[in-house]
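Everything below concerns the one structure shown next.
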Amino acid sequence: MYRARLGIRPGTWLSIAALLAAAGAASPAWAEDPPASAGWGLLNLPVGVTSISREVYGLHMMAFWVCVVIGILVFGVMIWSIIFHTQKRGAVADVTLVHNTRVEIIWTAIPVIILIAMAIPSARGIVLIGDDANSQLDIKVTGFQWGWQYTYPGKDVSFISKLDAKSMAAAELDSGISPYAVPHYLRNVDHPMVVPVGTKVRLLITAVDVIHSWWVPDFGIKKDAIPGYINQSWFEVDADKPGIYRGQCAELCGRGHGYMPIVVDAVSKADFQAWVKREAAAEKAAAAANAS
Amino acid sequence: MAEKPHAEVHAHADAAHDHDDHDHKPHGWRRWVFATNHKDIGTMYLVFSCIMFFTGGLFAMVIRAELFKPGLQVVDAGVFNSLTTMHGLVMIFGAIMPAWVGLANWMIPIQIGAPDMALPRLNNLSFWILPFAFLLLLSSWLVPGSAPAGGWTMYPPLTLQFGASFPMLIFAIHMMGISSILGAINVIVTIMNLRAPGMTLLRMPLFVWTWLITSFLLVAVMPVLAGAVTMMLTDHFFGTSFFNAAGGGDPVMFQHIFWFFGHPEVYIMILPGFGVISEVIPAFSRKPLFGYEAMVYATASIAFLSFIVWAHHMFTVGLPTSALLFFMFATMLIAVPTGVKVFNWTATLWRGSLSFEPPMLFALAFLFLFTIGGFSGLMLAIVPADFQYQDTYFVVAHFHYVLVSGAAFAIMAGVYYWLPKWVGRMYDMRLGKWHFWLSAIFFNVLFFPQHFLGLAGMPRRIPDYAVQFADWNMVSSIGGFAFGLSQLLFPYLIWKCVRSGKPVEGTRAWEGARGLEWELPSPAPYHSWTTPPTEAMIARGAEH
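Top to bottom, those sequences are chains A and B. Residues -9 to 282 in our numbering are what the first sequence lists, from first letter to last. Residues 203 to 746 in our numbering are what the second sequence lists, from first letter to last.
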């Protein structure tokens, strides 16, 4: 006789657990950083705001479900044996069960077929990500210890983007400042990169000292910034998804590796043009002020 | 005259000193410093590996203490990078690899009916290089600039920014590499030349097969690592520009060379584990291993494939599309022979008569958890998805599942399985089960949430993180502290067994155990198989 805890039957608990698991597996992406209390709910990749990020999310979930199904099958057999084929239950070992050529061929062939089925969409994804031709805006990204420089060729815009001052102060050893008191702790910069939505942006990525890596999860792209190389990457933020998108450096680059985040402000095309004008003017004025 | 398999010829209740022995052996420190006996050298490797396991574990505890909460509370960011670097180097080169060599030394000669390894003095050298190598590496904490902090993967240009510790790192790696190469040569020569009459290759236990194949991997790739780190050394001190872009060199070339070593390296760390599991599961299922030949061929396939997948560690460096496609396909292909092995172990359990002593508990945990590590590995192979996973905690979760619940649990299964043969005493079974359950549960508390952290966007090798990562980091750290503490049970249990364990009766400590080691008395005599095993003994072990 089972007990209904909290008035909820075991079967209902199971359904709730299943729903939670499914919800966790398909958790929503936040355009901004998720609130701190969302920590427990942060279980999965973001779907993101570009065609690439959606493609990537789809491939990830495909691989995930394939693994879940295979896991249920294989672990199911193991668990069955562990429960029923035991000495304690008086099971007698079937010592003739050492070969079965037919079964062995099947369990070699079926995985090959599954892998081919997975490889085809994955290969398409590689080709999609590699297609950086015909971009409408190029931005040169330069990683250094410890921040990023963004240069917009032909637009007189070039600036450095570093960890914002509040985060930097709180991040000191024994700073006494709670990270919870800092907005977007370790994921905020003093000068974000600005891009227009609905525009194919091509990044030209390099570094001046050691290897860094430029990564924004919501865009679904990551590319290493390597001295002596110019790597290419592209993204196009959906036209209906302006907003602030955050990422981090993704290659160990010294003491400051955890302290060189990336912030991209995706704005309308009109706002972008206005920003370019303002930014170019501000930099010109700053350069003149420095020269005098 | 054939050695009698009966215990009464050799058995003594008191296993505190080697009993009934034909020749005397040196006593005191000379026995160990000048050791040429494979059992003594095996013991030294295992003790050394245990010390290194706790050293690397200590570094991990500090790492998890720092990551317990957001904010920097324990160490400064540079020290944190040294901790992650040294944790990796010590665990890989000091704990896992020497543990496998220790098990190889103890078990290979016995399992093939040989009296010792083929090259006993080389064996001694191979071991004694290691304490000196690690003294050099660990003392780098004390030099200006502190320990190396460029990751165990040592990528330039970053690694070239570290001062006094850099040459210490390089020379320590050279020493460890020489030790491994010499050990591997020894294993190959022993297996090819010293098998007892009647012990053909396809009658050898899987542990011997996996070590034979692992030895070829070691001989092939350790010199490649040596080449890579030597090129970095000359870049730093002698003005070469192998990896220095400003001088016309290529930082990415280091990664290619390193991972050409690095991928076979991870198979070096796991293949002997496949061998141990292939012995323990049949023993405690009371049933022969399913598909022995398939297991041998699968192991060989994995070893071959391991040479052509290295760039999956570098998918984000900017490889051309054709390279991304090739390495993705080749990496996915490794899932096939690995899957065959998992299916064969499962089929060995199926319709067996299972019992759950500590060796079997660790082997079953290996089967579940290594398979989960394999699943995350398959996900990592998918290049577009890997662009999200690379350099995040998803990768950290993956490799700890395959290296801790994979390699380390397999080592523990092997120790729990063979300890009665080495010592002649049975250990405290209850304590062993406590060690198992605490390890298995807290391992998952420690590492499963790291999948979530990686997917949610947390990079690896960072000392501090944004507050949305706090919850799972706290869970992971609690798991880490508990897992670390539970490991103290292991050496305690072993020490207690040596001091006061119940003497084992007969030669076969486990009812279903098969193999030549179980034809010898327990503890195994200091010199075993001075007379080769009989065909009957070999046949008893080779039931497939």
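Note that the Cβ used here is the ideal one computed from N, Cα and C, for glycine as well.
Just the C-alpha distance for F463(B) and S381(B), rounded to the nearest angstrom, thanks. About 16 Å.
Classify S17(A) as helix, strand or coil using the three-state DSSP reduction. Only weak support exists for where S17(A) lies, its pLDDT of 44 falling under 50; the coordinates are left without a value.
Going along the chain, which residues of its own chain have a beta-carbon closer than 6 Å to the beta-carbon of F336(B), five neighbours each way excluded? Correct list, in chain order: G296.
Per DSSP, which one or two residues make a beta bridge with W205(A)? Note: W205(A) sits in a beta bridge opposite K212(A).
Should D164(A) be labelled buried (16 or more other beta-carbon atoms within 10 Å of its own) or exposed? It is exposed - the Cβ of D164(A) has fewer than 16 other Cβ atoms within 10 Å.
Using a Cβ cut-off of 7 Å, which residues of the segment 46 to 65 of chain A contact any Cβ in chain B, in chain order? Of all residues in the segment 46 to 65 of chain A, the ones placed with a Cβ closer than 7 Å to any Cβ belonging to chain B are V46, L49, H50, A53, F54, C57, G61, V64 and F65, in chain order.
Counting contacts by CB-CB distance shorter than 9 Å, is N124(A) in contact with chain B? Output row for N124(A): interface = no.
Do you know offhand how far G575(B)'s Cα is from A277(A)'s? The alpha-carbon of G575(B) is positioned some 54 Å away from that of A277(A).
For the alpha helix (DSSP H) containing S157(A), name the first residue and the last one. S157(A) -> alpha helix (DSSP H) spans A155 to A160.
Work out the CA separation of W138(A) and V198(A) for me, nearest whole Å. Their backbone Cα atoms lie some 10 Å apart in a straight line.
Using three-state DSSP, classify P186(A) as helix, strand or coil. Residue state for P186(A) is assigned as strand, using DSSP reduced to three classes.
For C57(A), which residues from the same chain have a beta carbon less than 7 Å from its beta carbon, with the 5 sequence-adjacent residues on both sides left out? Cβ-Cβ distances below 7 Å link C57(A) to nothing in the same chain once the five nearest sequence neighbours on each side are left out.
When you compare only the Cα positions, how much space is there between S5(A) and F671(B)? Residue placement at S5(A) is flagged as unreliable, the pLDDT there being 49, under the threshold of 50; the coordinate-derived value follows with that caveat. Rounded to the nearest angstrom, the two C-alpha atoms are 28 Å apart.
Members of the segment 553 to 567 of chain B near chain A, C-beta cut-off 9 Å: Residues of the segment 553 to 567 of chain B with a Cβ closer than 9 Å to any Cβ of chain A, in chain order: R553, G554, S555, L556, S557, F558 and L566.
Taking just the CA atoms, how far does W636(B) sit from I72(A)? I72(A) and W636(B) have their C-alpha atoms some 19 Å from each other.
Buried or exposed: which applies to K274(A), given that a residue is buried once 16 or more other Cβ atoms fall within 10 Å of its Cβ? Looking at its Cβ environment, which holds fewer than 16 other Cβ atoms inside 10 Å, K274(A) is exposed.
Nonlocal neighbours in the same chain, by C-beta distance under 8 Å from L274(B), ignoring five residues either side: Only E268, P665 and D666 meet the Cβ criterion.
Do you know offhand how far F444(B)'s Cα is from H438(B)'s? When the Cα atoms are used, F444(B) and H438(B) turn out to be separated by approximately 10 Å.
How would you list, in chain order, the residues of chain A whose beta-carbon sits under 8 Å from the beta-carbon of D452(B)? At a C-beta separation below 8 Å, D452(B) has these neighbours in chain A: G218.
Could you tell me which chain A residues have their CB closer than 7 Å to the CB of S487(B), listed as they occur along the chain? Using a Cβ-Cβ cut-off of 7 Å, S487(B) is close to A83 of chain A, given in chain order.
Close Cβ partners of I740(B) (< 8 Å) along its chain, the five nearest in sequence each way excluded: For I740(B), where only same-chain residues beyond five positions count, the Cβ hits under 8 Å are G315, A398, G400, M401, R405 and L718.
Any chance the CB of A335(B) is under 8 Å from a heavy atom of the ligand GDP? Summarising the ligand content, the structure contains no ligands, and the ligand GDP is consequently not present.
DSSP beta-bridge partners of V147(A): V147(A) is bridged to Y142(A).
Contacts that A113(A) makes with chain B (C-beta to C-beta distance below 7 Å): Neighbourhood of A113(A) in chain B, by CB distance below 7 Å: L527, in chain order.
Would a C-beta distance cut-off of 9 Å place A583(B) and F509(B) closer than the cut-off? In this structure, A583(B) lies away from F509(B), with their beta-carbon atoms at least 9 Å apart.
Can you give the beta carbon distance from P182(A) to V253(A), rounded, assuming they're within the 8 Å contact cut? The pair is a contact, with the Cβ atoms about 4 Å apart (cut-off 8 Å).
Please determine, among N646(B), L690(B) and R663(B), the residue with the shortest C-alpha to C-alpha distance to V677(B). For the residues N646(B), L690(B) and R663(B), the minimum Cα distance to V677(B) belongs to N646(B).
May I have a chain-ordered list of the alpha helix (DSSP H) segments no shorter than 4 residues that lie completely inside the segment 361 to 415 of chain B? 367 to 395, all fully within the segment 361 to 415 of chain B.
Name, going along the chain, the residues of the segment 462 to 494 of chain B whose beta-carbon falls closer than 7 Å to a beta-carbon of chain A. Only those residues of the segment 462 to 494 of chain B whose C-beta falls short of 7 Å from the nearest C-beta of chain A are listed: S487, R488, K489, P490, F492 and G493.
Give, in chain order, every residue of the segment 169 to 186 of chain A whose Cβ lies closer than 8 Å to some Cβ of chain B. Here the close residues are P169, Y170, H174, Y175, L176 and R177.
Helix, strand or coil at G244(B) according to DSSP, with G and I counted as helix: Assigned with DSSP and collapsed to three states, G244(B) falls in helix.
Within chain A, partners of T523(B) - CB distance below 8 Å: Under the 8 Å cutoff, chain A gives I116, V117 and G120.
For Q313(B), does the three-state DSSP call read helix, strand or coil? In this structure, Q313(B) counts as helix in the three-state DSSP scheme.
Please state whether DSSP places L127(A) in a helix, a strand or coil. The DSSP-derived three-state label of L127(A) is strand.
Could you tell me whether the Cβ atoms of M581(B) and G703(B) are closer together than 9 Å? Not in contact: M581(B) and G703(B) (Cβ atoms no closer than 9 Å).
So is Y728(B) in contact with chain A if we call contact Cβ pairs under 9 Å? The beta carbon of Y728(B) sits no closer than 9 Å to any beta carbon of chain A.
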